[in-house]
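Here the protein sequences come in this chain order: A and B.
The number in this note's numbering is simply the position in the first sequence, starting from 1, with 16 added.
The number in this note's numbering is simply the position in the second sequence, starting from 1, with 158 added.
The C-beta atom is built at its ideal place from N, Cα and C for all residues, glycine as well.
It should be emphasised that the depicted structure is a prediction, and the values quoted were computed from it without experimental measurement.
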Amino acid sequence: MSLIGPLLLATFLFCVGIYGIIARRNAVLVLMSVELMLNAVNINLVAFQNVLFPGEEAVSGLMFALFIIGVAAAEVGVGLAIVFNMFRNRATVNVDDVDLMRW
Amino acid sequence: MEALLEYAYVVVLLPLISAAAIAAFGKQLPWKGAELGIAALGIGWLMSVGIAWQTFMNSPMEPVEEFFRWSPLGGGFVFELGMLVDGLTAMMLLLVTTVSLMVHIYSREYMKGEVRFTYFYAMLSLFTFSMLVLVIANNLLQAVIGWELVGLCSFLLIGFYWEEKSNQDAANKAFLTTKFGDVGLIVGVIVLSAGMFGLTDTPFNIIEINQAATDGLLSTSTIVLGMLLIFLGCISKSGQMPLHVWLPDAMAGPTPVSALIHAATMVTAGVFLLARLFPVLAQSALVMGVIAIVGVITLFFGGLLALVQDDLKKILAYSTISQLGYMVAAIGVGGYTASIFHLFTHGFFKALLFLGAGSLIHAVHSNNISDMGGMRKAMPHTFWTFIIGSLALAGFPLTAGFFSKDEILIAGEIWAGGGFLTGNLVYWIGLAAAGVTTFYMARACFLVFAGENRSHHPPHESGKQMVGPLMLLAVLSVASGYLLSPFSPDQPNFETWTQTPILDGDAVYPFTVDETVAFGVQGDGVIASSGSVLAAEAGDGPVSVLHGVPSWHPDLLAIVLVIFSLAVFLAWRFYGKGLPEKDPMLQMGPVTRALVAKYGFDDFGYRYIVVPVRDVLSRWATTSSNTYIDGAVAGVGKATKSAAMATYRTIDQKVIDGAVNGSALSAAWWSDRLKRIQSGDVQRYAGAIVAGVIVLVLAFAAAR
Numbered sequence: 017m018s019l020i021g022p023l024l025l026a027t028f029l030f031c032v033g034i035y036g037i038i039a040r041r042n043a044v045l046v047l048m049s050v051e052l053m054l055n056a057v058n059i060n061l062v063a064f065q066n067v068l069f070p071g072e073e074a075v076s077g078l079m080f081a082l083f084i085i086g087v088a089a090a091e092v093g094v095g096l097a098i099v100f101n102m103f104r105n106r107a108t109v110n111v112d113d114v115d116l117m118r119w
Numbered sequence: 159m160e161a162l163l164e165y166a167y168v169v170v171l172l173p174l175i176s177a178a179a180i181a182a183f184g185k186q187l188p189w190k191g192a193e194l195g196i197a198a199l200g201i202g203w204l205m206s207v208g209i210a211w212q213t214f215m216n217s218p219m220e221p222v223e224e225f226f227r228w229s230p231l232g233g234g235f236v237f238e239l240g241m242l243v244d245g246l247t248a249m250m251l252l253l254v255t256t257v258s259l260m261v262h263i264y265s266r267e268y269m270k271g272e273v274r275f276t277y278f279y280a281m282l283s284l285f286t287f288s289m290l291v292l293v294i295a296n297n298l299l300q301a302v303i304g305w306e307l308v309g310l311c312s313f314l315l316i317g318f319y320w321e322e323k324s325n326q327d328a329a330n331k332a333f334l335t336t337k338f339g340d341v342g343l344i345v346g347v348i349v350l351s352a353g354m355f356g357l358t359d360t361p362f363n364i365i366e367i368n369q370a371a372t373d374g375l376l377s378t379s380t381i382v383l384g385m386l387l388i389f390l391g392c393i394s395k396s397g398q399m400p401l402h403v404w405l406p407d408a409m410a411g412p413t414p415v416s417a418l419i420h421a422a423t424m425v426t427a428g429v430f431l432l433a434r435l436f437p438v439l440a441q442s443a444l445v446m447g448v449i450a451i452v453g454v455i456t457l458f459f460g461g462l463l464a465l466v467q468d469d470l471k472k473i474l475a476y477s478t479i480s481q482l483g484y485m486v487a488a489i490g491v492g493g494y495t496a497s498i499f500h501l502f503t504h505g506f507f508k509a510l511l512f513l514g515a516g517s518l519i520h521a522v523h524s525n526n527i528s529d530m531g532g533m534r535k536a537m538p539h540t541f542w543t544f545i546i547g548s549l550a551l552a553g554f555p556l557t558a559g560f561f562s563k564d565e566i567l568i569a570g571e572i573w574a575g576g577g578f579l580t581g582n583l584v585y586w587i588g589l590a591a592a593g594v595t596t597f598y599m600a601r602a603c604f605l606v607f608a609g610e611n612r613s614h615h616p617p618h619e620s621g622k623q624m625v626g627p628l629m630l631l632a633v634l635s636v637a638s639g640y641l642l643s644p645f646s647p648d649q650p651n652f653e654t655w656t657q658t659p660i661l662d663g664d665a666v667y668p669f670t671v672d673e674t675v676a677f678g679v680q681g682d683g684v685i686a687s688s689g690s691v692l693a694a695e696a697g698d699g700p701v702s703v704l705h706g707v708p709s710w711h712p713d714l715l716a717i718v719l720v721i722f723s724l725a726v727f728l729a730w731r732f733y734g735k736g737l738p739e740k741d742p743m744l745q746m747g748p749v750t751r752a753l754v755a756k757y758g759f760d761d762f763g764y765r766y767i768v769v770p771v772r773d774v775l776s777r778w779a780t781t782s783s784n785t786y787i788d789g790a791v792a793g794v795g796k797a798t799k800s801a802a803m804a805t806y807r808t809i810d811q812k813v814i815d816g817a818v819n820g821s822a823l824s825a826a827w828w829s830d831r832l833k834r835i836q837s838g839d840v841q842r843y844a845g846a847i848v849a850g851v852i853v854l855v856l857a858f859a860a861a862r
């Protein structure tokens, strides 16, 4: 199996994610972009597992992918909670308006 | 019991602890602090009895020495703080703690209701501590410390009733007079230690000084100069003429203080120190001659002064001077044992007499014997104990004073037998002064106890706390004499108890052995001429230091009894029927005038020392101090101030403040710029991270 396809896909997804984080102003969309980046990494892990250790007992790459999915779920939970609170207090989800941690 | 000697310092520390405790919270206690002093002294007394017993039964014994050492200059010069326990120390510990305990108990009743009762007890305990520091010292510096401390306590207690100007003056007089001698003492100590320097690491150590002097390692000039200067300290502290003037005035203090300090213990410090350094002074005929002559003058002329006194305490004060003269004279004629034996017994009977006098004064509210009279019926206990004390003081046979004073006379006889004129002086003048002593004590006793009551108060016997100590001291005034008497020929006795290894039975005076050693430095005019005066018949053979247990001297006993009877008879003729209209003691023309004027010592001292110092020297010193020293100080102050102002204006204000302000300002400026990085914009941070990652990736790629 060739690695080029999955790696190109992962690179594309990662770049989209970075762009989304930097360019988007909606906090929910920023969170979604983070998910895109995490999934790009997952694709990498799965692809390399299949190429390097096809059909073997060692499944550490897959296990990492599962961990990342779990952590991403938790992260989204916390992130959405923060966004909800932000909306409640300020009636906006625009990250530019949220600069409380400024000097 | 052996271990007790190692813990002798506890006896010293107990009164210090009690003094501090009394000062700290004595006033809150039910007995106002008295119980602390009595308890500490009681324990100390028990320990002292144990130590005395231990040293006495094992005598002669090696001294026990314990010390801390401190060498601030590295090796070669070491200061010590320590204790030296031998028979002499044990004897002094016993004497001091016994008298002090008695005075502590006695004072509770005597001082009842006085102002500063608690202060009084704190001072008594502090004094006891000071005296014990001196007694137990293993080196001369520590002895000087104790010596000065007792001087301080004496000053504080003489001026106890400081509301009266005369008492302040008495305290000042005592302090300054003794201080004059103290200067001599400390210079003498320095001279001796300078002689010891190089011979040992511990130049102040008493045992080593004694040993070095005995071994002939100290030069004659060191010994003569050092011991004469130390003797100057003894002259002032032990009330020898002509520096005795403070002692009668010291009677301004409360009577128990007079008993403890100015009769039984402190004033014996000088004699004690001479005894401690006896092996040193025994090296020089000149030093011993000077000591003997000062002692003889004091014992006779001091005693005469008591004849014309009306104040009972002053009679006792002059008799103390006279008895101290006996002790000093005994040292000067080689009566080492005799001197400290007299010190020991005198401590008991003089404390007894003073406490008895206190009891009388307490009853009639007057110090004067012309205000007393007929006290025998009213105060039987005081009467009997006072009579016993008087008999002991007069040297009546079979009392303690008899044995100790006869020891001194016999020492004089032995010394005269060795060919020294001072021995004859001590023997004959000592006998005459014994008659004087008997007469003035008989005069006092007749005037106080016989005849009609002349006081304005109905006299009453004192309470148990005052009579109890009197009784115990009365017993000791008789019993202590039997430590060294023809009745106790067996060892141990007082002599074996207080001898030191250096002064063992074979020790002799070096200058009696060989004339070249005695007047050693050929061509030294002073030494040689004094030798020819003092040792007119020198060369009769060596004189041993220890005289052994005395045998009976029927001739001396007879003379003493005749003198005693004669003196008592005369006193009875004059005073047996109460106070005569004209006191014959005051009708003796020029003699009376001389005695009443105290030979003019006080007048002379006032006119030629106090007045010049006060009116000329101190005024000159004040002026020069105000103009020159104060001027210099003020000039230095002004210069310093202007220099400080200049420094303030330039260095502080400009350089230092500028640096501080500049750094603060630059920090503010930079932070104002740099804070803008912290924008709070999450996406800008994310962008920065991405940019950083790209830079790192490029950098690593280029590095490959």
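Top-ranked residue by Cα proximity to residue i, from the options
i: B/R274; options: B/W320, B/V293, B/L242; result: B/W320
i: B/L474; options: B/L589, B/R751, B/A422, B/Q649; result: B/A422
i: B/N216; options: B/F237, B/T656, B/F512, B/M241; result: B/T656
i: B/F237; options: B/V243, B/D815, B/S229; result: B/S229
i: B/S702; options: B/L737, B/V720, B/A729, B/V666; result: B/V666
i: B/P538; options: B/A550, B/A521, B/F554, B/L551; result: B/A521
i: B/M205; options: B/A179, B/L239, B/L259, B/V774; result: B/L259
i: B/A166; options: B/I196, B/G195, B/F287, B/A177; result: B/F287
i: A/M46; options: B/H615, B/Q841, B/V855, B/V851; result: Reading the sequence as shown, one finds Val at residue 46 of chain A and not Met. Of the listed residues, the one whose Cα sits closest to A/V46 is B/Q841.
i: B/A301; options: B/F313, B/D340, B/K331; result: B/D340
i: B/K395; options: B/A161, B/F430, B/R807; result: B/F430
i: B/I455; options: B/M250, B/I587, B/S783; result: B/I587
i: B/A637; options: B/F669, B/L661, B/S709, B/S562; result: B/S562
i: B/L462; options: B/R831, B/I835, B/Y757; result: B/Y757
i: A/A39; options: B/V848, B/E223, B/P627; result: B/V848
Under 9 angstroms between C-beta atoms of residue i and residue j
i: B/V707; j: B/D564; result: no
i: B/F135; j: B/G734; result: Outside the displayed range of chain B (159 to 862) lies residue 135 of chain B, so it cannot be described from this structure.
i: B/L465; j: B/V347; result: no
i: B/L513; j: B/Y264; result: yes
i: A/G33; j: A/V50; result: yes
i: B/L432; j: B/I388; result: yes
i: B/S613; j: B/M743; result: no
i: B/F506; j: B/A558; result: yes
i: B/T372; j: B/Q441; result: yes
i: B/M249; j: B/F560; result: no
Residue i at chain B interface by Cβ criterion, 9 angstroms
i: A/A90; result: no
i: A/V44; result: no
i: A/A39; result: yes
i: A/I34; result: yes
task: Decide yes or no for the touch test of the region 786-794 of chain B against the region 435-444 of chain B: beta carbon pairs closer than 8 angstroms, at least 3 of them.
output: Touching, no.
At least three beta-carbon pairs within less than 8 angstroms, the region 165-175 of chain B to the region 273-290 of chain B: Judged by Cβ distances under 8 angstroms, the region 165-175 of chain B makes contact with the region 273-290 of chain B, as three or more pairs qualify.
- request: Residues of the region 779-796 of chain B with a CB closer than 9 angstroms to any CB of chain A: list them in chain order, please.
  value: If the cut-off is 9 angstroms between Cβ atoms, the region 779-796 of chain B has nothing near chain A.
query: Quick one: any contact between the region 577-597 of chain B and the region 619-635 of chain B, if contact means 3 or more CB pairs under 8 angstroms?
result: Output reads no: the region 619-635 of chain B does not touch the region 577-597 of chain B.
Residues in the region 834-847 of chain B having any Cβ partner in chain C nearer than 9 angstroms: Absent here is chain C; the protein component of the structure consists of chains A and B.
- prompt: What are the residues of the region 95-119 of chain A that lie near chain B, defined by any Cβ-Cβ distance shorter than 9 angstroms?
  reply: Against chain B - using a Cβ distance shorter than 9 angstroms - the residues of the region 95-119 of chain A are V111, D112, V114, D115, L116, M117, R118, W119.
- prompt: Should the region 522-535 of chain B be called in touch with the region 469-486 of chain B, which here means at least 3 C-beta pairs below 8 angstroms?
  reply: The way I'd put it, the region 522-535 of chain B does touch the region 469-486 of chain B; three or more beta-carbon pairs between them come closer than 8 angstroms.
message: Check whether the region 20-30 of chain A and the region 81-101 of chain A touch, using three or more Cβ-Cβ pairs below 8 angstroms as the test.
response: Judged by pairs of C-beta atoms under 8 angstroms, the region 20-30 of chain A does not touch the region 81-101 of chain A, as fewer than three such pairs exist.
query: Does the region 320-335 of chain B touch the region 402-411 of chain B, meaning 3 or more C-beta pairs lie closer than 8 angstroms?
result: They touch, by the three-pair rule.
message: Between the region 642-652 of chain B and the region 479-491 of chain B, can you find at least three pairs of beta-carbon atoms closer than 8 angstroms?
response: Pairwise C-beta distances place the region 479-491 of chain B out of contact with the region 642-652 of chain B, as fewer than three of them are shorter than 8 angstroms.
- request: Kindly confirm or deny that the region 196-205 of chain B and the region 302-316 of chain B touch, where touching means at least three C-beta pairs closer than 8 angstroms.
  value: These segments do not touch.
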